[in-house]
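Enquirer: What follows is a structure written as structure tokens; I'll ask about it next.
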Amino acid sequence: MNNTIPALFKPKVHGVIFDMDGTLLDTEEPSRLVIDGIMREFGKEFTMTMHKTTLGRPPADWTRMAITAAGLSEEIITPEELFKKWEKSMRDMSDRVEELPGGVEVLTALHERGIPIALATSNSRSVVEAKIKHHPKLFSFFSTIVCGDDPAVKRGKPAPDIFRTAGQRLF
Numbered sequence: 674m675n676n677t678i679p680a681l682f683k684p685k686v687h688g689v690i691f692d693m694d695g696t697l698l699d700t701e702e703p704s705r706l707v708i709d710g711i712m713r714e715f716g717k718e719f720t721m722t723m724h725k726t727t728l729g730r731p732p733a734d735w736t737r738m739a740i741t742a743a744g745l746s747e748e749i750i751t752p753e754e755l756f757k758k759w760e761k762s763m764r765d766m767s768d769r770v771e772e773l774p775g776g777v778e779v780l781t782a783l784h785e786r787g788i789p790i791a792l793a794t795s796n797s798r799s800v801v802e803a804k805i806k807h808h809p810k811l812f813s814f815f816s817t818i819v820c821g822d823d824p825a826v827k828r829g830k831p832a833p834d835i836f837r838t839a840g841q842r843l844f
């Protein structure tokens with residue numbers, strides 16, 4: 674029996690949108706460690722279990738969730754203060770963030786086939802810019818990068834706005 678699919682039934686890929694953290698870059702544990710370090714300034718901790726509930730969320734959401742999960746209040750540290758400290762630390766450590774295996778190979782294969790590639794990340798543009806400096810090859814494949822602080826993104830993840838914006842900019 675022939676297992677090939679006739680060309681008529683093969684779906685055409687018009688573009689691919691990637692997330693960044695935990696997909697292309699190994700940032701989940703470094704991010705958690707940064708938040709944990711901030712929480713420890715107040716005698717609290719921030720575990721990976723807590724962190725998983727905040728992943729991919731926009732700053733206004735994940736910072737509030739992190740403060741609550743750690744047992745703090747916004748009178749002790751505001752979401753804005755937590756985000757500023759986190760953002761600075763993540764920019765400062767961007768040279769130590771590792772690429773996840775296979776990412777460049779997948780991006781290369783898509784690029785060689787002429788498939789447009791976008792990046793959609795909840796990170797701010799300034800954090801992404803720091804990561805671009807340290808991973809130029811990885812980021813060279815993207816024809817568009819949409820960040821969480823992009824004015825076109827009205828609602829953060831899990832709402833689809835960031836992915837819709839990336840898709841619109843691909844074409």
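Take any residue in the sequence shown, note its place counting from 1, add 673, and you have its number in our numbering.
C-beta: ideal position from N, C-alpha, C; glycine also.
Just so we're clear, the structure is a prediction, and the values are computed from it rather than from any experiment.
Please report the distance separating the alpha-carbon of P831 from that of T838.
Expert: For P831 and T838, the distance between alpha carbons rounds to 14 Å.
Enquirer: For the alpha helix (DSSP H) containing A782, list its first residue and its last residue.
Expert: Looking at the DSSP string, the run of the alpha helix (DSSP H) that includes A782 is G776 to E785.
Enquirer: Could you name the residues of the same chain whose beta carbon sits closer than 6 Å to that of A743, not counting the 5 residues immediately before and after it, in chain order?
Expert: For A743, where only same-chain residues beyond five positions count, the Cβ hits under 6 Å are M712, K717 and F719.
Enquirer: Would L843 and P789 be called neighbours here (beta carbons separated by less than 8 Å)?
Expert: A contact, by the Cβ cut-off of 8 Å.
Enquirer: List the DSSP bridge partners of T794.
Expert: Paired residue(s): C820.
Enquirer: Can you give the Cα-Cα distance for K725 and G787, rounded to whole angstroms?
Expert: Approximately 35 Å, taken between the alpha carbons.
Enquirer: In terms of residues, what are the limits of the beta strand (DSSP E) holding F691?
Expert: Residues V689 to F691.
Enquirer: I need the DSSP call for E772, collapsed to helix, strand or coil.
Expert: In the structure shown, E772 sits in a strand (DSSP, three-state: E or B).
Enquirer: With a cut-off of 8 Å, do at least 3 Cβ pairs link the segment 795-810 to the segment 762-771?
Expert: Yes, the segment 795-810 is in contact with the segment 762-771.
Enquirer: Tell me where the alpha helix (DSSP H) around H724 begins and ends.
Expert: Unbroken alpha helix (DSSP H) run through H724: M721 to K725.
Enquirer: By Cβ distance, which residues of its chain are closer than 8 Å to K827, with the 5 residues on each side in sequence left out?
Expert: Cβ neighbours of K827 beyond the five flanking positions: D834.
Enquirer: Please report the residue range of the alpha helix (DSSP H) in which P833 lies.
Expert: Premise fails: P833 is in no alpha helix (DSSP H) and is neither H nor E.
Enquirer: Relative to the C-alpha of G729, which candidate in G710, A782 and T696 has its C-alpha closest?
Expert: Considering only alpha carbons, the answer is T696.
Enquirer: Alpha carbon to alpha carbon, what distance is there between F756 and S704?
Expert: Between S704 and F756, the C-alpha separation is close to 11 Å.
Enquirer: Give the DSSP-derived three-state secondary structure of L728 in the structure shown.
Expert: Coil, per DSSP.
Enquirer: Assign L745 to one of three DSSP states: helix, strand, or coil.
Expert: In the structure shown, L745 sits in coil (DSSP, three-state: anything other than H, G, I, E or B).
Enquirer: Any idea which residues DSSP pairs D765 with across the strands?
Expert: In the DSSP output, where bridge partners are listed per residue, D765 has none listed.
Enquirer: Quick check on the DSSP output: the alpha helix (DSSP H) that includes E714 runs from which residue to which?
Expert: No alpha helix (DSSP H) contains E714, which DSSP labels as neither H nor E.
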